[in-house]
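Participant:
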Amino acid sequence: MHDDTLANHGTTMGVQRMTILAMAVVIACASLARASGQGLFTSAELKQLRAWSITPVAPSYVPPGYAGHVTLDKAAHKYEITYRGPAGAYFVFAGAAGSASAPSPTPAPKHHNMFSSIGSLFNHHASQSQGVAGEEEADPNQDIAADSPLIGTTHFKETKGHCATGVGQKTIGAATYSLMGCNTSPDDLVKVYRSAAAVSH
């Protein structure tokens, strides 16, 4: 009887562990889907973008702790995905019919200027740049260069509010795409830009 009780207890514990593991997998998959743009857009938003001849594109990578939110500008035929993170950091990925109008930074408390360390960042050896591929040679005091297989090369320029903005040189149909990062690191800016991927549904 005692052995049966122990066996039943062990089975119950095993089922509980499997349930917890399954829940963790579901949560991780949901987080990955949100980061990659899957699940960010509603069916109505996707329908509207198709009407504007805009292919929805979103980063497939954002740093941990960032949550995305989509807004559509019907007058400008444009969408923006704002990813807000810790300590006032955020990214805005935008797509527009025709020429992309870069997102405008929102006022935020002053933080460390991401460009103040660009010179030292790009002068370090490649092994110290966290393995970011696709960067192009550029004057570190002028901009950050990044390349995306989908939306092409960009050179991020510093804008007000400790932000940097870059517009992709490639279009998809007539649509252009841009990324702005504020109060974030150059490495994260490059990684988010390079991860741009078409949203399938």
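Going letter by letter, the sequence shown gives residues 61 to 261 in this note's numbering. Even for Gly, the Cβ is constructed at its ideal location relative to N, Cα and C. All figures in this text were calculated on a predicted structure; none of them were measured in a lab.
(1) Please report the Cβ distance between Y143 and L132, rounded to the nearest whole angstrom; I am assuming they are in contact, meaning their Cβ atoms lie under 8 Å.
(2) Just verifying my parser: in three-state terms, what is the DSSP assignment at K138?
(3) For H137, which option in Q108, K230, P246 has the closest C-alpha, if you only look at C-alpha atoms?
(4) Closest to G285 by C-alpha separation, out of Y126, V130, G155, A157, would be which residue?
(5) Could you tell me the alpha carbon to alpha carbon distance between D199 and P116, rounded to whole angstroms?
(6) Determine whether the beta carbon atoms of G155 and P123 lie at a separation below 8 Å.
(7) Taking only the alpha-carbon atoms, compute the straight-line gap between A258 and F153 and give it to the nearest angstrom.
(8) Return the CA-CA distance between A104 and P119, expressed in angstroms with no decimal places.
(9) Starting from P270 and walking both ways along the beta strand (DSSP E), at which residues does that stretch end?
(10) Going by DSSP, name the residue or residues bridged to L249.
(11) Ordered along the chain, which non-local residues of its own chain (more than five positions away) have a Cβ less than 7 Å from that of Y253?
(12) Relative to the C-alpha of K230, which residue among L106, Y150, K134, I211 is closest?
Facilitator: Put simply:
(1) Here residue 143 corresponds to residue number 83 of the sequence shown, with the count starting at 1. Here residue 132 corresponds to residue number 72 of the sequence shown, with the count starting at 1. 16 Å between Cβ atoms; not a contact.
(2) By one-based count along the sequence shown, residue 138 stands at place 78. It is a strand residue.
(3) As a position in the sequence shown, residue 137 is number 77, starting the count at 1. That would be Q108, whose Cα lies nearest to the Cα of H137.
(4) An answer regarding residue 285 cannot be provided, because it is not within the stretch 61 to 261 covered by the chain.
(5) Sequence index remark: in the sequence shown, residue 199 carries index 139 (1-based). Sequence index remark: in the sequence shown, residue 116 carries index 56 (1-based). For D199, the predicted structure reports a pLDDT of 49, less than 50, and the residue's modelled location is therefore unreliable. A value from the coordinates is still provided. Using only the alpha carbons, I get a separation of about 32 Å.
(6) Within the sequence shown, numbered from 1, the residue matching residue 155 stands at position 95. Within the sequence shown, numbered from 1, the residue matching residue 123 stands at position 63. No, the pair does not count as a contact, with Cβ atoms beyond the cut-off.
(7) Counting from 1 along the sequence shown, the entry for residue 258 is found at position 198. Counting from 1 along the sequence shown, the entry for residue 153 is found at position 93. One C-alpha to the other measures close to 13 Å.
(8) Residue mapping note: residue 104 aligns to position 44 of the sequence shown, counting from 1. Residue mapping note: residue 119 aligns to position 59 of the sequence shown, counting from 1. For A104 and P119, the distance between alpha carbons rounds to 20 Å.
(9) Residue 270 falls outside the range modelled here, since the chain spans only 61 to 261, and no answer is possible.
(10) The residue labelled residue 249 in the question sits at position 189 within the sequence shown. Partner(s): none; L249 has no beta bridge.
(11) As a working mapping, residue 253 is identified with position 193 in the sequence shown. The answer, listed in chain order, is A206, S208, T214, G226, L239.
(12) In the sequence shown, the residue the question calls residue 230 occupies position 170. When L106, Y150, K134, I211 are compared, the shortest CA-CA separation from K230 is found for I211.
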